[in-house]
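Reviewing the structure listed below.
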Amino acid sequence: MALQEVRPRWLDRSAEKSCEKRKFEGARVSDLNISNFIWNIADDVLRDVYVRGKYRDVILPMTVIRRLDAVLEPTKDAVLAMKAQLDKAGVANQHAALCQASGEAFYNTSQFRLRDLTSRARRQQLKSDFEAYLDGFSPNVQEVLDKFKFRNQIPTLVEADALGFLIEKFLDPSVNLSPKPVLHQDGSVRLPGLDNHSMGTIFEELIRRFNEENNEEAGEHFTPRDVVELMAYLIFMPIADEIQSGTYLVYDGACGTGGMLTVAEETLIKLATDHGKEVSVHLYGQEVNPETFAISKADLILKGEGAEAENMKYGSTLSSDAFPSSEFDFMLSNPPYGKSWKSDLDRLGGKKDITDPRFVIEHDGDPEYSLITRSSDGQMVFLANMLSKMKKATKVGSRIAEVHNGSSLFTGDAGSGESNVRRWVIENDWLEAIIALPLNIFYNTGIATYIWVLSNRKADSRKGKVQLIDATAWFKPLRKNLGKKNCILGPDDIKRICDSFLNSEESEQSKIFPNAAFGYWKVTVERPLRLKVELSASAQRRFAKTCAEAAEEPLTGVVEAVAERLGEGPHLDFNRFLEEAEAVAGKRGVRMTAKRQKLLMAGLGIKDPGAEPVIKKASKIKPGADAESDALYGNYHRTVGGKTAIVEFEPDTELRDTEQVPFLEDGGIEAFFRREVLPHAADAWIDPSKTVIGYEISFTRHFYKPQPLRTLQEIEADIRALEQETEGLLEDVLTGGR
Numbered sequence: 001m002a003l004q005e006v007r008p009r010w011l012d013r014s015a016e017k018s019c020e021k022r023k024f025e026g027a028r029v030s031d032l033n034i035s036n037f038i039w040n041i042a043d044d045v046l047r048d049v050y051v052r053g054k055y056r057d058v059i060l061p062m063t064v065i066r067r068l069d070a071v072l073e074p075t076k077d078a079v080l081a082m083k084a085q086l087d088k089a090g091v092a093n094q095h096a097a098l099c100q101a102s103g104e105a106f107y108n109t110s111q112f113r114l115r116d117l118t119s120r121a122r123r124q125q126l127k128s129d130f131e132a133y134l135d136g137f138s139p140n141v142q143e144v145l146d147k148f149k150f151r152n153q154i155p156t157l158v159e160a161d162a163l164g165f166l167i168e169k170f171l172d173p174s175v176n177l178s179p180k181p182v183l184h185q186d187g188s189v190r191l192p193g194l195d196n197h198s199m200g201t202i203f204e205e206l207i208r209r210f211n212e213e214n215n216e217e218a219g220e221h222f223t224p225r226d227v228v229e230l231m232a233y234l235i236f237m238p239i240a241d242e243i244q245s246g247t248y249l250v251y252d253g254a255c256g257t258g259g260m261l262t263v264a265e266e267t268l269i270k271l272a273t274d275h276g277k278e279v280s281v282h283l284y285g286q287e288v289n290p291e292t293f294a295i296s297k298a299d300l301i302l303k304g305e306g307a308e309a310e311n312m313k314y315g316s317t318l319s320s321d322a323f324p325s326s327e328f329d330f331m332l333s334n335p336p337y338g339k340s341w342k343s344d345l346d347r348l349g350g351k352k353d354i355t356d357p358r359f360v361i362e363h364d365g366d367p368e369y370s371l372i373t374r375s376s377d378g379q380m381v382f383l384a385n386m387l388s389k390m391k392k393a394t395k396v397g398s399r400i401a402e403v404h405n406g407s408s409l410f411t412g413d414a415g416s417g418e419s420n421v422r423r424w425v426i427e428n429d430w431l432e433a434i435i436a437l438p439l440n441i442f443y444n445t446g447i448a449t450y451i452w453v454l455s456n457r458k459a460d461s462r463k464g465k466v467q468l469i470d471a472t473a474w475f476k477p478l479r480k481n482l483g484k485k486n487c488i489l490g491p492d493d494i495k496r497i498c499d500s501f502l503n504s505e506e507s508e509q510s511k512i513f514p515n516a517a518f519g520y521w522k523v524t525v526e527r528p529l530r531l532k533v534e535l536s537a538s539a540q541r542r543f544a545k546t547c548a549e550a551a552e553e554p555l556t557g558v559v560e561a562v563a564e565r566l567g568e569g570p571h572l573d574f575n576r577f578l579e580e581a582e583a584v585a586g587k588r589g590v591r592m593t594a595k596r597q598k599l600l601m602a603g604l605g606i607k608d609p610g611a612e613p614v615i616k617k618a619s620k621i622k623p624g625a626d627a628e629s630d631a632l633y634g635n636y637h638r639t640v641g642g643k644t645a646i647v648e649f650e651p652d653t654e655l656r657d658t659e660q661v662p663f664l665e666d667g668g669i670e671a672f673f674r675r676e677v678l679p680h681a682a683d684a685w686i687d688p689s690k691t692v693i694g695y696e697i698s699f700t701r702h703f704y705k706p707q708p709l710r711t712l713q714e715i716e717a718d719i720r721a722l723e724q725e726t727e728g729l730l731e732d733v734l735t736g737g738r
């Protein structure tokens, strides 16, 4: 479908009104004023009470409380009347009736409005009444307050005589946090109402500024709105024509403040409406940070979506999945990257004992295929969690957009958890595209980031293929940085990315590859162990000591007898020495066990590249065996005891190496081995038992643009300039500047 059919709000704005002119994205001027006003409350009220890093512990929950209070104010009397009526009738379960009275998904049954508390002169009376006011909120709001741990701040505020001042500041008549406008006496609007979207934008800006001040983990709490809108369009636009009237479930396993879910809901509803469909969207999220969880739940409560707010769950998605049996239509996420998940892994039983079906699956005949990554970085485990929740029985299936840093593309050797996740995704043909975003597009990190787009219902034209889009140069610079964010995805940039994706176009910035282009075999290359033997008197004495320590004294006599027969050497054929040792041992009644053979090898063998390879075992040649092909895998056709046999050599672990052979290598592993290995190591062979499949995705390889070499004239000009610059310096040094 064409991009014009489903235009983001960004694309409806004129280019002249670019977002760089705003203090923060998507905000009205009044939103900016309110955000700055609330931010300044911290300096005005809390400066001598808290260190700056603790301001957020008060300001964020108070912002929520004031907003709730403003929303509930028109129906306060109705709620109190309903409460009295229910109490008189002895009704125990009052929640539904009180919500109906408030007209919202929440309520407050205390006798107080926030403005009633400003007249309290005594600190302890204010403390008591404020706590009673908080206790009056409905259970869903209580969970929000508990996760903010706001009650813990009240004693500090009271002791500093700051609580009353704080409440007064939030009730300032010059600022309106209510959804209803404030009017002049003549009925004209003095202060516009603050809708839910604008309230959410203010939340985001406050959190961003607090994060910037506290230098918190890169991008941990929320994702810039331009990136979120791009992600939403990447998952919705390809199936816009397939959206039907009905119910759709949207999930974010690292939901932060819930911004991705909100944008996804808005986008899907608008998309359906534009196509004449009516959809109901249900949001599900989980968040481990109590403060951001509180904000995400509060945001939905403020929107009157009480049922949706109950789908916001607190806890770790990895170790305590809140939706273990659920499947979702659409999933978006920006999981933490470069952050340890060791505590989650330990709670799941540790790397060896974990049995969670999200992370230990069956794939390619392996019933215990592991998707468990390094404990130092859990971002790919979040992806595995999402993939476990894909719908399998619907026409549209599930679509996923998830943000990762560069390590998800290539970190992890073949067979590692990271590589296994990539393999599982690509071999199931779920990966549609990966988009490289501009640097410094996030608030608190300047590292390279990528959007992965996945679906278990690929269009026929995409099957068996993966599209890589290099959008690193598609951005608009900001006039003033927002944290580390110095650029934004403007309307043209979003359109360009979406068009490249929707049209599956091939260009300098968009390339399409077969799935196999990202797979490889990690091949183990062995070289034979070559040992010589020296049987000098000093060597025998050392060996005798070794035998005594190992309680293998009978071997000492065997070696002495062999030395008499062969001489002290050096002997460049360990196999010949071993034959003699076995013969002597047999005559003396000494069994030549595997342990004793290893003792001879370790005690008397000396590595020598000129020695013969040490034979591990010999076996019969099977009919039809090809000597050249067998030799590639360490099965050499040699004469042993007058008969031709298959001979395997002991590998030299110090010479062991690995080669990475692409799936698309012409001729496969054998052709690569003949061309790249045998010319340099003629005695090398492949150990097929150690061959492991791996997957990696290298943007650098596919989009690398080499810098042109400088001309000789340019180099000469630089040299001459340096000569002029340094002329006379040596003389000054030698003469001391005289």
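Oh and the sequence shown: position 101 is 101 in full-length UniProt numbering, straight run, nothing missing.
Beta carbons: idealized from backbone N, C-alpha and C, even for Gly.
All of these numbers come straight from a predicted model, not from anything done at the bench.
Closest in C-alpha terms to residue 195, from the list 209, 228 and 178, comes 178. DSSP places residue 454 within a strand segment (E or B) once states are collapsed to three. Residue 617 is classed as exposed because its beta carbon has fewer than 16 other beta carbons within 10 Å across all chains shown. Taking the CA atoms as reference points, residue 55 sits about 33 Å from residue 98. Contact holds between the region 550-558 and the region 577-588, because three or more Cβ pairs, one in each stretch, are under 8 Å apart. The straight-line gap separating the alpha-carbon atoms of residue 704 and residue 446 is approximately 20 Å. For residue 513 and residue 449, the gap between their C-alpha atoms comes out near 20 Å. Pairwise C-beta distances place the region 264-278 out of contact with the region 470-486, as fewer than three of them are shorter than 8 Å.
Counting of Cβ neighbours within 10 angstroms places residue 540 among the buried residues, the total reaching 16 or more. In this model, residue 331 and residue 252 are separated by some 6 Å (Cα to Cα). One Cα belongs to residue 96, the other to residue 176, and the distance between them is close to 29 Å.
With three or more CB-CB distances shorter than 8 Å, the region 339-351 counts as touching the region 366-382. If you draw a 10 Å sphere on the C-beta of residue 119, you find fewer than 16 other C-beta atoms in it, and that means exposed. Distance from the CA atom of residue 495 to the CA atom of residue 237, rounded to whole angstroms, is 12 Å. Residue 254 and residue 399 have their C-alpha atoms roughly 17 Å apart. A distance of 8 Å or more separates the beta carbons of residue 181 and residue 171. Comparing alpha carbon positions, the residue from 535, 333, 322 and 306 closest to residue 229 is 333. The straight-line gap separating the alpha-carbon atoms of residue 167 and residue 51 is approximately 20 Å. In the three-state reduction of the DSSP assignment, residue 180 falls in the coil class, being assigned neither a helical nor a strand state.
Distance between residue 684 and residue 607, taken at the CA atoms: about 17 Å. When the Cα atoms are used, residue 276 and residue 392 turn out to be separated by approximately 26 Å. DSSP places residue 290 in no beta strand (DSSP E) but in the uninterrupted alpha helix (DSSP H) bounded by 290-302. Here residue 711 is exposed, its C-beta having fewer than 16 other C-beta atoms within 10 Å. For residue 695 and residue 466, the gap between their C-alpha atoms comes out near 13 Å. CA-CA distance, residue 274 to residue 225, rounds to 22 Å. A direct Cα-Cα distance of roughly 26 Å separates residue 563 from residue 651. Taking 8 Å as the cut-off, the Cβ atoms of residue 418 and residue 335 do not count as close. For residue 429, the CB contacts under 7 Å within the same chain, skipping 5 residues up- and downstream, are 458, 463, 464 and 515 in chain order. DSSP places residue 275 in the coil class of the three-state scheme, outside both helix and strand. In this structure, the straight-line span from the alpha carbon of residue 641 to that of residue 579 is close to 11 Å. Rounded to whole angstroms, residue 73 and residue 113 show a C-alpha spacing of 7 Å.
Along the length of the region 333-394, whole beta strand (DSSP E) runs at least 3 residues long occupy 360-363 and 366-370, reported in chain order.
Remark: fewer than three beta-carbon pairs, one from each stretch, lie closer than 8 Å, so the region 669-686 and the region 496-512 are not flagged as touching. In the three-state DSSP reduction, residue 593 falls in the coil class, being neither helix nor strand. The Cβ atoms of residue 699 and residue 383 lie no closer than 8 Å to each other. Rounded to whole angstroms, the gap between the alpha carbons of residue 574 and residue 609 is 13 Å.
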